[in-house]
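Chemist: Read in order, the letters of the sequence shown are residues 1 to 520 in UniProt numbering.
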Amino acid sequence: MRLVSWNINGIRRPAAGVGRVLEALGADVVCLQETRVTRDLLDEPTAIVEGYNSYFSFSRGRSGYSGVATFCKDSATPVAAEEGLSGLLADNRGAIGCYGDTEGFTEDELRALDSEGRAVITQHRIRTSDKREKTLTVINVYCPHADPEKPERKTFKLRFYHLLKLRAEAILRAGSHVIILGDVNTSHRPIDHCDPSDPEHFDENPGRRWLNEFLWEPGKAPGKGEVADPPPGGGGGAFVDSFRYFHPTQTNAFTCWSVPQGARHTNYGTRIDYILGDRILVTEEFEDSVLLPEVEGSDHCPVRAVLKSTLMAAPKCPPFCTKYLPEFAGKQQKLSQFLVRLDRRGGSRSSPPDSPESAEAVEDVAPPNRQEKRNSAEKTKVGVKKNRTSASRGGGTLLRFFKPGDNREGKANPPEKMGPDRAVQDQQAVIGVPQAAEQAKREGETAPAEPKEGQAAFWKSVFKGPPPPPPCKVHGEPCVMRTVKKAGPNHGRQFYVCARPVGHATNPAARCDFFLWPTV
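(1) Between which two residues does the alpha helix (DSSP H) carrying A170 extend?
(2) How would you write the range of the alpha helix (DSSP H) that W210 sits in, first residue to last?
(3) Excluding sequence positions up to five away, which residues of its chain have a Cβ less than 7 Å from the Cβ of G97?
(4) With S129 and A313 assumed to form a contact (beta carbons below 8 Å), what rounded beta-carbon distance in angstroms separates them?
(5) I want to know whether the region 275-284 touches the region 177-195 - three or more CB-CB distances under 8 Å.
(6) Quick check on DSSP: helix, strand or coil for W459?
(7) For L41, does the count of other Cβ atoms within 10 angstroms reach 16, so buried, or fall short, so exposed?
(8) Return yes when the Cβ of V49 is within less than 7 Å of the Cβ of V79, no when it is not.
(9) Determine the burial state of E213: buried for a count of at least 16 other Cβ atoms within 10 Å of its Cβ, exposed for fewer.
(10) Mark W517 as exposed unless 16 or more other C-beta atoms lie within 10 angstroms of its C-beta, in which case mark it buried.
(11) Do you know offhand how far R207's Cα is from P467's?
(12) Buried or exposed: D192, going by 16 or more other Cβ atoms within 10 Å of its Cβ?
(13) Rounded C-beta distance between S242 and R127? I'm assuming under 8 Å.
(14) How many Å lie between D203 and D195 at the Cα?
(15) How many angstroms separate the CA atom of S298 from the CA atom of G454?
(16) Helix, strand or coil: which one does DSSP assign to A499?
(17) Where does H124 fall in DSSP's three states?
(18) CA-CA distance, P144 and P478?
(19) I need the DSSP call for residue 522, collapsed to helix, strand or coil.
(20) My assumption, with CB atoms under 8 Å, is that S57 sits in contact with E83. Please give the rounded CB distance.
(21) Compare the C-alpha of F246 against each of L307, V259, S197 and name the closest.
(22) Please report how far the alpha carbon of D288 lies from the alpha carbon of N490, in whole angstroms.
(23) Just to confirm before moving on: does the CB-CB distance between P302 and L311 stay below 7 Å?
(24) Look at the Cβ atom of Y496, then the Cβ atom of P471, and state whether they are nearer than 7 Å.
(25) What would DSSP say about E83, mapped onto helix, strand or coil?
(26) On a CA-only basis, which of Y65, Y99, A487, G476 is nearest D513? Give me that one, please.
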């Protein structure tokens, strides 16, 4: 059994499509975070992928923000699935249950914690390596980021951590194995950070204190006899960081890098993406847990776990499955069906007047007498003139806006397709009335073109362009200009820095500390 977690930084970004991404990752269960799609923007190729069943959680307050999705192969169809951690968003028909003691939360707080689309839970049947059938619950999470300029977000993050702990431990106590995987948004130990700013107080960060309580850390590497007691100062939790279990001393093992600073080129990052499993599951069923930094396409890389257990497919998908949403279940209606007129004879819908079906429908009407034909013909002529007039003034039926035409991208019609008055008006709008009149007098004449060299010299004398960037003092290479985005007296001000990617101070290929405000 293979599981992969990846903060994809926008599920609609990959040019190859979601299906190709899932195929390349080659996992039975793929958990994606930061999908940045809301339900109204979710299209069928993204939601319905052949060979998989999907489960989405959307942000309810902001578009293009947060969101998680779990894709399960048909051979790994879950027996139950639900959205969120609190249970307030769960469908009772396919709910997993086991919510823990949430008395310390108000209902409004629970709804707020689940409103940003940060958790999807799927429950599976597995066959362990010793041929026993067990339940495995997979919790796909995208934990909040604590913005230092917004204290309320720090509180939100810690409350989300607390709710996650309550839910995971409650499911574990109910007898199911549990895996928590996703973007936890906290690097646990100094070894998981490229450049800890304060190593002596590193563990005092509230998120790291939570991880210390939540995780169990073995005193010995796997495969070398019994594990020792957990180290002092924490490490007695019910869950295991599977990567550190198998690779306890691996350095420079990161999963997230700053793209604007080019930090991936120098591997100047942090490890904040995890696959956490309950202690028995990791020690008895996990074969390995690795990072996949070679996979690009996001500011994060995927992480993967391989288990000796095998997944057993449920006979049908739980109700929370995306394919049961009305827009993907074959119940959606075509827009043209809402743009038809009612038939006066029987009240039934008739085809839109501009559609091919409207001409065919006329054949079903009884033929009128000659006088009726003559009156009908006169009415038709008047109707055609009115339609042409309204169309020329921007009117017409609503269906016209959904049909391809010669002017699909809002481009101006060429002069030869316009009347002479319209062409003159457009010329006057672009080059001015006097110039347009002069050009009309000289119609057919061709003015001699000025030499290109003279034109270039003239425009260079008018627009001199910005001065060349100064070289940085360490590398002697041209700097790049940046803009201050942080709020304060220098907000919006530009400055020069070394053009190399950010990196550790000991890395000779990394950016130097050159800084310069440009002179006015």
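Ideal Cβ positions, reconstructed from N, Cα and C, are used throughout, including at glycine.
Modeler: In this structure, then:
(1) Start at 1 with the first residue of the sequence shown, and residue 170 comes out as number 170. It spans 151-173 - the alpha helix (DSSP H) in which A170 sits, taken as one unbroken run.
(2) Stepping through the sequence shown from its first residue, residue 210 is reached at position 210. In this chain, the alpha helix (DSSP H) harbouring W210 covers 206-214.
(3) Taking the sequence shown and counting its residues from 1, one reaches residue 97 at position 97. Once the five neighbours on either side are set aside, G97 has no close Cβ partner at all.
(4) Along the sequence shown, read from residue 1 onward, the residue named residue 129 stands at position 129. Along the sequence shown, read from residue 1 onward, the residue named residue 313 stands at position 313. S129 to A313, Cβ: 19 Å. No contact.
(5) Contact between the region 275-284 and the region 177-195 is established, with three or more Cβ pairs separated by less than 8 Å.
(6) Here the question's residue 459 lines up with position 459 in the sequence shown. W459 falls in the helix class under three-state DSSP.
(7) Against the sequence shown, residue 41 aligns to sequence position 41. Exposed, since its Cβ has fewer than 16 Cβ neighbours within 10 Å.
(8) Start at 1 with the first residue of the sequence shown, and residue 79 comes out as number 79. Start at 1 with the first residue of the sequence shown, and residue 49 comes out as number 49. Not a contact, by the Cβ cut-off of 7 Å.
(9) Numbered from its first residue, the sequence shown carries residue 213 at position 213. Label assigned to E213: exposed.
(10) Here residue 517 corresponds to residue number 517 of the sequence shown, with the count starting at 1. Classification for W517: exposed.
(11) Taking the first residue of the sequence shown as position 1, residue 207 is located at position 207. Taking the first residue of the sequence shown as position 1, residue 467 is located at position 467. Per the sequence shown, the amino acid found at residue 207 is Gly instead of Arg. In a straight line, the C-alpha of G207 is about 46 Å away from that of P467.
(12) Here residue 192 corresponds to residue number 192 of the sequence shown, with the count starting at 1. Looking at its Cβ environment, which holds 16 or more other Cβ atoms inside 10 Å, D192 is buried.
(13) By 1-based counting over the sequence shown, the position of residue 242 is 242. By 1-based counting over the sequence shown, the position of residue 127 is 127. Going by Cβ atoms, the distance from S242 to R127 rounds to 20 Å, so no, they are not a contact pair.
(14) By 1-based counting over the sequence shown, the position of residue 203 is 203. By 1-based counting over the sequence shown, the position of residue 195 is 195. Those two C-alpha atoms are separated by around 14 Å.
(15) The residue you call residue 298 lines up with position 298 of the sequence shown. The residue you call residue 454 lines up with position 454 of the sequence shown. If I take the Cα positions, the gap works out to 47 Å.
(16) Locating residue 499 in the sequence shown gives position 499, counting from the first residue. In the structure shown, A499 adopts coil according to DSSP, grouped into three states.
(17) Walking along the sequence shown from the start, residue 124 turns up at place 124. Under the three-state reduction of DSSP output, H124 falls in the strand class.
(18) Within the sequence shown, the letter at position 144 stands for residue 144. Within the sequence shown, the letter at position 478 stands for residue 478. A straight line joining the alpha-carbon of P144 with that of P478 spans about 38 Å.
(19) Residue coverage of the chain in this structure runs from 1 to 520, which leaves residue 522 outside it and unanswerable.
(20) Taking the sequence shown and counting its residues from 1, the one referred to as residue 57 is at position 57. Taking the sequence shown and counting its residues from 1, the one referred to as residue 83 is at position 83. 5 Å between Cβ atoms; contact.
(21) The sequence position of residue 246 within the sequence shown is 246, counting from 1. Answer by Cα proximity: L307.
(22) Along the sequence shown, one-based indexing puts residue 288 at 288. Along the sequence shown, one-based indexing puts residue 490 at 490. Going from the Cα of D288 to the Cα of N490 covers about 49 Å.
(23) Numbered from 1 along the sequence shown, position 302 holds the residue referred to as residue 302. Numbered from 1 along the sequence shown, position 311 holds the residue referred to as residue 311. Inclusion of P302 and L311 in the CB contact set at 7 Å is not warranted, their separation being larger than that value.
(24) Sequence index remark: in the sequence shown, residue 496 carries index 496 (1-based). Sequence index remark: in the sequence shown, residue 471 carries index 471 (1-based). Taking 7 Å as the Cβ cut-off, Y496 and P471 do not qualify as a contacting pair.
(25) Taking the first residue of the sequence shown as position 1, residue 83 is located at position 83. In the structure shown, E83 sits in a strand (DSSP, three-state: E or B).
(26) Position 513 of the sequence shown holds residue 513. From the listed residues Y65, Y99, A487, G476, the smallest Cα separation to D513 is found for G476.
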